[in-house]
Amino acid sequence: MHNQERYTMLNKRVNGEPFFITGALGCIGAWTVRNLVRQGARVTVFDLGRDVHRLRLIMTPAELEQVAFVHGDITDLDSVETALRTSGAMRVIHLAALQVPFCRADPSLGARVNVVGTVNVLEAARRIGASRVVYASSVAVFGSSEEDPDASVADHAPLVPGNLYGVYKQANEGTARIYWQDWGVCSIGLRPHTLYGPGRDQGLTSSPTKAMLAAAAGLPYHIPYGGRGGMQYADDIANIFIRSALVDFSGAAVFNVRGSVVDMAEIVAAIEHAVPEQRGTITYDPKPLPLPADLDDSRLRVLIGDLPNTSLADGVQSTIELFRAALADGRLTTERL
Ligand SMILES: NC(=O)c1ccc[n+]([C@@H]2O[C@H](COP(=O)([O-])OP(=O)(O)OC[C@H]3O[C@@H](n4cnc5c(N)ncnc54)[C@H](O)[C@@H]3O)[C@@H](O)[C@H]2O)c1
Numbered sequence: 098m099h100n101q102e103r104y105t106m107l108n109k110r111v112n113g114e115p116f117f118i119t120g121a122l123g124c125i126g127a128w129t130v131r132n133l134v135r136q137g138a139r140v141t142v143f144d145l146g147r148d149v150h151r152l153r154l155i156m157t158p159a160e161l162e163q164v165a166f167v168h169g170d171i172t173d174l175d176s177v178e179t180a181l182r183t184s185g186a187m188r189v190i191h192l193a194a195l196q197v198p199f200c201r202a203d204p205s206l207g208a209r210v211n212v213v214g215t216v217n218v219l220e221a222a223r224r225i226g227a228s229r230v231v232y233a234s235s236v237a238v239f240g241s242s243e244e245d246p247d248a249s250v251a252d253h254a255p256l257v258p259g260n261l262y263g264v265y266k267q268a269n270e271g272t273a274r275i276y277w278q279d280w281g282v283c284s285i286g287l288r289p290h291t292l293y294g295p296g297r298d299q300g301l302t303s304s305p306t307k308a309m310l311a312a313a314a315g316l317p318y319h320i321p322y323g324g325r326g327g328m329q330y331a332d333d334i335a336n337i338f339i340r341s342a343l344v345d346f347s348g349a350a351v352f353n354v355r356g357s358v359v360d361m362a363e364i365v366a367a368i369e370h371a372v373p374e375q376r377g378t379i380t381y382d383p384k385p386l387p388l389p390a391d392l393d394d395s396r397l398r399v400l401i402g403d404l405p406n407t408s409l410a411d412g413v414q415s416t417i418e419l420f421r422a423a424l425a426d427g428r429l430t431t432e433r434l
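Right under this line is the structure:
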């Protein structure tokens, strides 16, 4: 089937359909909620937080009114099950997690949220007979590819995570595999690299987006790492999660998501192009992160067709334009820089 036909078909299936999204007040979540609401879905948000600032950044008040909010903790199975059952959703997008610095600061809490939380989502899905769980894994399941840093890493490459966050994500992939094997819970795990765009304001790799905010506000900024890596615009990854929730599939599979593989110098150049008056004020440490730069996502393309991939230049430009507007009308401040 032609890609365009495939997308049209998938989008038609969204209209009126209930979706249940955990961690939906976060960055990927906010874009996923926005895009689903715009496609006519009925969205239930399940999140421990109460702060809807990321949603406000990219959604209108009228769109926000269409969302059902459930305040709950992913570590509590009963809450997850009750909220999922009440939502009427058969499709679950599971994004709730603690990112790298939070797992490092409190490994025990990190394991409860990231590992037990994912068990709870799969268990709740099993109990209500959900048709699909799409969950966020991460590039962090792979260690650094020091032998050949430019090699494209396949989905089935050995998993040697270099931090606890990656170990927890690896556990989630194993948990999802066993939930399919033992109970037929269908799942797709997605492994994005580095997300950027409005709403990306926390986590190890949020600094390129913070640099965009700083530039929009006329401030200098130092990005504490460099090297090459996949940059994924938040709107695109949200659409990839949505398509993965809709596509005909049965089993438990995990897929890399590549994004635009670029050097930090290209990111800084894109910011300078969007804000020429800030030239020279955005700097970075050349040391790369211990992650593979390039993920092979050809298997995911076979499943859901060509992936949305906003160019770095366009993504940075749109992000900075939105930041400028949000700084001007008070939806955003530079407090989190
Ligand atoms: N941001 C990236 O570059 C990136 C890359 C790869 C994978 N991921 C994964 O994608 C998912 C979403 O990432 P993000 O950038 O949107 O994260 P985020 O930190 O912006 O949002 C995470 C959300 O989870 C919620 N949450 C945390 N603990 C919870 C709990 N106990 N119960 C319910 N909700 C809880 C938070 O309140 C928050 O709204 C995560 O699983 C993350 O690990 C992110």
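In my numbering, the protein residues as written are 98 to 434. Glycine included, every Cβ here is placed at the ideal spot set by N, Cα and C.
Threshold first: 3 residues or longer. Then list the beta strand (DSSP E) segments lying entirely within the stretch 369-394, N to C. 379-381
Return the Cβ separation of Tyr262 and Ala233 in integer angstroms, given the expectation that the two are a contact with Cβ distance under 8 angstroms. The pair is not a contact, with the Cβ atoms about 11 angstroms apart (cut-off 8 angstroms).
Run through the DSSP bridge pairs and tell me what Gln329 is partnered with. Leu292
Contacts around Gly348, its chain only, beta-carbon distance under 7 angstroms, and the 5 residues preceding and following it disregarded: Trp277 and Cys283
Taking 8 angstroms as the threshold (C-beta atoms), are Leu154 and Val130 in contact? no
Taking its Cβ as the centre, do 16 or more other Cβ atoms sit within 10 Å of Asn353, making it buried, or is it exposed? buried
What is the C-beta distance between Ala55 and Val372, in whole angstroms, given that I count them as a contact (C-beta under 8 angstroms)? Because the chain spans 98 through 434 in this model, residue 55 falls outside it and cannot be assessed.
Val111 and Leu343 closer than 8 angstroms at C-beta: yes
Reducing DSSP to helix, strand and coil, say where Arg340 ends up. helix
Return the Cβ separation of Arg139 and Gly120 in integer angstroms, given the expectation that the two are a contact with Cβ distance under 8 angstroms. The Cβ separation is near 18 angstroms, so there is no contact.
For Pro387, which residues in the same chain have their Cβ closer than 6 angstroms to its Cβ, ignoring the five residues on either side in sequence? Ser241 and Gly259
Output the distance between the C-alpha atoms of Leu192 and Phe420, rounded to the nearest integer angstrom. 24 angstroms
Measuring CA to CA, which of Glu418, Pro383, Gly315 and Leu206 is closest to Glu374? Gly315
Can at least three beta-carbon pairs, one atom from the stretch 216-224 and one from the stretch 286-293, be found at a separation below 8 angstroms? no
Contact between the stretch 382-396 and the stretch 422-431 is defined here as three or more beta-carbon pairs at a separation below 8 angstroms; is this criterion met? no
Please list the terminal residues of the continuous beta strand (DSSP E) segment that includes Ile320. Tyr318 to Ile320
On the DSSP letters alone, give me the boundaries of the beta strand (DSSP E) that Pro115 sits inside. Pro115 to Thr119
To the nearest angstrom, report how far apart Pro204 and Val264 are at their CA atoms. 11 angstroms
Indicate the three-state DSSP secondary structure (helix, strand or coil) for Asn353 in the structure shown. strand
C-beta contact flag for Gln329 and Leu292 at 8 angstroms: yes
Run through DSSP, which three-state label would Phe346 get? coil
Consider the C-beta atom of Ala193 and the heavy atoms of ligand 1; say whether any pair is separated by less than 7 angstroms. yes
Integer-rounded CB distance, given that Thr407 should sit under 8 angstroms from Pro295: Between Thr407 and Pro295 the Cβ distance is about 13 angstroms, and since that is not below 8 angstroms, they are no contact.
Tyr318 vs Ala331 beta-carbon contact at 8 angstroms: no
Ala159 burial status per 10 Å Cβ neighbour count (16 or more: buried): exposed
Tell me which residues share the same chain as Ala423 and place their Cβ nearer than 7 angstroms to its Cβ, disregarding the 5 neighbours each side in the sequence. Leu154 and Leu429
From the DSSP output, in three-state form, read off Val230 for me. strand
Using alpha carbons as the reference points, say which of Asp411, Met156, Ala362 and Leu174 lies closest to Val213. Leu174
Beta-carbon contacts of Val210 that lie in its chain and below 8 angstroms, excluding the five residues immediately before and after: Ile171, Thr172, Ala193, Ala194 and Leu195
Give a yes or no on whether the C-beta atoms belonging to Asn269 and Thr215 are separated by under 8 angstroms. yes
If I measure Cβ to Cβ from Leu133 and keep anything under 7 angstroms in the same chain, skipping five residues before and after, which residues do I get? Val111, Phe116, Val140 and Ile339
How about Ser228: is its Cβ closer than 7 angstroms to a heavy atom in ligand 1? no
Who are the Cβ neighbours of Pro321 in its own chain at under 7 angstroms, not counting the five residues just before and after it? Ser304 and Asp382
Is there at least one non-hydrogen atom of ligand 1 closer than 7 angstroms to the beta-carbon of Pro289? yes
Relative to the alpha-carbon of Trp280, which residue among Asp247, Arg229, His290 and Pro255 has its alpha-carbon at the smallest distance? Arg229
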